[in-house]
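Peer 1: The structure under discussion is supplied below as structure tokens; questions concerning it will follow.
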Amino acid sequence: MNPMATEGLEGATVCQRLVELHERVRAEFPEVSRVTAALYDPATEGLATFRHSPSVPVSLVSEGLPLRDLPRLREVVEARAPRLFTGPEGSGASYVVPFFQQAGLRGFLVFDSEEADAFAPVAMRHIRILAELSAESLLRGLERVGMFRSTLHLMTALARFRDAETGNHLCRVSHYARLIARNLRPAARLADDLTDFVFLFTPAHDIAKIAIPDSILCKPGALTPVERSIMEKHVTLGLEIVDKIVTDTSLGDMPHLGMLRNIVLHHHERLRGSGYPHGLSGDAIPFEARIVGVADVFDALRSPRPYKEPWTTERSLEYLHSHRDLDFDADCVDALLAGSRELETIACSFPGDDGT
Ligand SMILES: [Fe+2]
Ligand SMILES: [Fe+2]
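In my numbering, the protein residues as written are -13 to 342.
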């Protein structure tokens, strides 16, 4: 199992497949009340389990559960075949289907019913087929997510190779964006998993700057209108690059893909409609793009640029505060201010060329 299989995209991929599987099983066998996916990590010999029942949304229920402490599952692995377990005195039944990849154990799908006779032979045959198809799709999904994650890392590494400052900017902004997402006031707060996605996707926000000529990207002065329009193309070009990565890794059904596309395309939109590429205003700007917009401007102000000296953290925050609700989302600015003690730590972790 990928060591990150319970986080962000990987966890969402498992949850998505589990809900689909349970819906398909219940369409034929409504007495199956609960489905659990237990992913096996050969490195730790532990299981991460996700569970779905109609009354409780799918969620990660445990992590690192040692397989050696679960004798029934060990029996299933030794037999390398599904097995039915019934509860004491007809109190219910569980049908366990193991799944393997290249002979190695990858996990189990467990189907529970409160009815002891829920799993007749014909039901087990059907459920086994659905489980094996779902396990295959799950493993393929995790592989594709791994490819997508590697491609994003590669693009960030390329940006750093071409220009260390751009690479460090991508890292700093993703940390600032996560800080904002975590510090939002309760009424504006994102679900925990969406905060992870903001952090994962933000390094892609300037991915297309590797395609902007040095004469523009590093120009030690104001850009001409033509140069500015070329620079501004990094958002639409970035969206094309992201869409190409998603197509090449067959991740069109990736959870929260819209967040990634919004961050790349809309992080330069401003509340009053003065931004680009579409001049969106107010709530028409996707919230994740407003988060990244604040993080991005904070880093740009605080960092040296070919055309300006770096501002101090205090001056940068004052600027954002003075444009709060005018250009920048007030909740996002307040959240950045609420986390101001962590800003220096983040900046020091990815220093600019001059050590700022
Ligand atoms: Fe940008
Ligand atoms: Fe940026």
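Note that the Cβ used here is the ideal one computed from N, Cα and C, for glycine as well.
1) Got a sec: does ligand 1 put a non-hydrogen atom nearer than 6 angstroms to the Cβ of ASP313?
2) PRO303 to GLN87, Cα distance in whole Å?
3) Counting beta carbon pairs with one atom in the region 36 to 48 and one in the region 68 to 81, are three or more of them shorter than 8 angstroms?
4) Flag this pair as yes or no: are the beta carbons of VAL18 and PHE94 separated by less than 7 angstroms?
5) Do GLU274 and MET240 have their C-beta atoms within less than 7 angstroms of each other?
6) Quick one: residues in its chain with C-beta nearer than 6 angstroms to the C-beta of LEU124, no 5 flanking neighbours on either side, listed in chain order?
7) Looking only at DSSP bridge pairs, what is ASP87 linked to?
8) Could you check what DSSP says for GLY50 in three-state terms: helix, strand or coil?
9) What residues come near ligand 2, if near means a beta carbon less than 5 angstroms from any of its heavy atoms?
10) Quick check: VAL280 and LEU322, are their CB atoms within less than 7 angstroms of each other?
11) Who does ASP98 pair with in a DSSP beta bridge?
12) Cα separation between MET(-13) and SER99?
13) Distance, Cα to Cα, ARG168 vs THR181?
14) Run through the DSSP bridge pairs and tell me what GLY32 is partnered with.
15) Just to confirm my understanding: we take HIS161, look at its own chain, exclude 5 residues before and 5 after, and list those with CB closer than 7 angstroms. What are they?
16) Could you tell me the alpha carbon to alpha carbon distance between HIS254 and PRO43, rounded to whole angstroms?
17) Just to confirm the assignment, what range does the beta strand (DSSP E) spanning ARG69 have?
18) Please give the ranges of any alpha helix (DSSP H) in the region 228 to 256, keeping only runs that are unbroken, at least 4 residues long and fully inside the region.
19) Quick check on DSSP: helix, strand or coil for PHE336?
20) What residue from PRO16, ARG54, GLU14, SER41 has the CA that sits closest to GLU31's CA?
21) Does the Cβ-Cβ distance between LEU170 and ASP269 come in under 7 angstroms?
22) Just confirm the distance between the C-beta atoms of SER77 and ALA102, as a whole number of angstroms; I'd bet it's less than 8 angstroms.
23) For GLU300, count the other beta carbons within 10 Å of its own beta carbon; 16 or more makes it buried, fewer makes it exposed. Which is it?
24) Check each candidate in LEU128, LYS230, ARG126, LYS195 and name the one with the smallest Cα separation from HIS155.
25) Rounded to whole angstroms, how far is the Cβ of GLU(-4) from the Cβ of VAL131, which I believe are closer than 8 angstroms?
26) Please report the distance separating the alpha-carbon of ALA150 from that of MET141.
27) At the level of alpha carbons, what is the spacing between ILE227 and SER236?
Peer 2: Quick look at the numbers:
1) Here the question's residue 313 lines up with position 327 in the sequence shown. Flag unset: Cβ of ASP313 not near ligand 1.
2) Along the sequence shown, one-based indexing puts residue 303 at 317. Along the sequence shown, one-based indexing puts residue 87 at 101. For clarity, residue 303 is Leu in the given sequence; the question names Pro instead. Taking the CA atoms as reference points, LEU303 sits about 51 angstroms from GLN87.
3) no
4) Here residue 18 refers to the residue found at position 32 of the sequence shown. Here residue 94 refers to the residue found at position 108 of the sequence shown. Going by C-beta atoms, VAL18 is not nearer than 7 angstroms to PHE94.
5) Working through the sequence shown from its first residue, we reach residue 274 at position 288. Working through the sequence shown from its first residue, we reach residue 240 at position 254. No, the pair does not count as a contact, with Cβ atoms beyond the cut-off.
6) Translated into the one-based positions of the sequence shown, residue 124 becomes position 138. Cβ neighbours of LEU124 beyond the five flanking positions: ARG3.
7) In the sequence shown, counting from the first residue as 1, residue 87 sits at position 101. Residue identity check: residue 87 is Gln in the sequence provided, not Asp. GLY90, per the DSSP bridge assignment.
8) Your numbering for residue 50 matches position 64 in the sequence shown. Of the three classes helix, strand and coil, the one that applies to GLY50 here is strand, per DSSP.
9) ASP192, ASP282
10) In the sequence shown, residue 280 corresponds to position 294, counting from 1. In the sequence shown, residue 322 corresponds to position 336, counting from 1. Yes, the Cβ-Cβ distance between VAL280 and LEU322 is below 7 angstroms.
11) Locating residue 98 in the sequence shown gives position 112, where the first residue counts as 1. According to DSSP, which records beta bridges pairwise, ASP98 is partnered with ARG20, SER80.
12) As a position in the sequence shown, residue -13 is number 1, starting the count at 1. As a position in the sequence shown, residue 99 is number 113, starting the count at 1. Because the pLDDT at MET(-13) is just 40, under 50, the model does not fix this residue reliably, and the point stays unresolved.
13) Counting from 1 along the sequence shown, the entry for residue 168 is found at position 182. Counting from 1 along the sequence shown, the entry for residue 181 is found at position 195. Spanning the two alpha carbons is a distance of roughly 7 angstroms.
14) Looking up residue 32 in the sequence shown gives position 46. For GLY32, which the question treats as bridged, DSSP gives the partners ASP27, PRO52.
15) Residue mapping note: residue 161 aligns to position 175 of the sequence shown, counting from 1. Closer than 7 angstroms at Cβ, skipping near neighbours: ILE332.
16) In the sequence shown, counting from the first residue as 1, residue 254 sits at position 268. In the sequence shown, counting from the first residue as 1, residue 43 sits at position 57. So the alpha carbons of these two residues sit roughly 35 angstroms apart.
17) Counted from its first residue, the sequence shown places residue 69 at position 83. Looking at the DSSP string, the run of the beta strand (DSSP E) that includes ARG69 is 69 to 72.
18) 243 to 252
19) The residue you call residue 336 lines up with position 350 of the sequence shown. Reduced to three states, the DSSP call for PHE336 is coil.
20) Taking the first residue of the sequence shown as 1, we reach residue 31 at position 45. If we check each option's Cα against that of GLU31, ARG54 comes out closest.
21) Taking the first residue of the sequence shown as 1, we reach residue 170 at position 184. Taking the first residue of the sequence shown as 1, we reach residue 269 at position 283. Not in contact: LEU170 and ASP269 (Cβ atoms no closer than 7 angstroms).
22) Counting from one through the sequence shown, the residue named residue 77 turns up at place 91. Counting from one through the sequence shown, the residue named residue 102 turns up at place 116. Rounded, the Cβ-Cβ distance is 7 angstroms, consistent with contact.
23) On the sequence shown, residue 300 is found 314 positions in, with the first residue counted as 1. Exposed: under 16 other Cβ atoms inside 10 Å.
24) Stepping through the sequence shown from its first residue, residue 155 is reached at position 169. Ranking the options by Cα distance to HIS155, first place goes to LYS195.
25) Mapped onto the sequence shown, residue -4 falls at position 10. Mapped onto the sequence shown, residue 131 falls at position 145. Their Cβ separation, rounded to whole angstroms, is 6 angstroms, which keeps GLU(-4) and VAL131 in contact under 8 angstroms.
26) Taking the sequence shown and counting its residues from 1, the one referred to as residue 150 is at position 164. Taking the sequence shown and counting its residues from 1, the one referred to as residue 141 is at position 155. Cα to Cα, ALA150 sits roughly 13 angstroms from MET141.
27) What you label residue 227 is simply residue 241 of the sequence shown in a count that begins at 1. What you label residue 236 is simply residue 250 of the sequence shown in a count that begins at 1. Cα to Cα, the separation comes out at about 14 angstroms.
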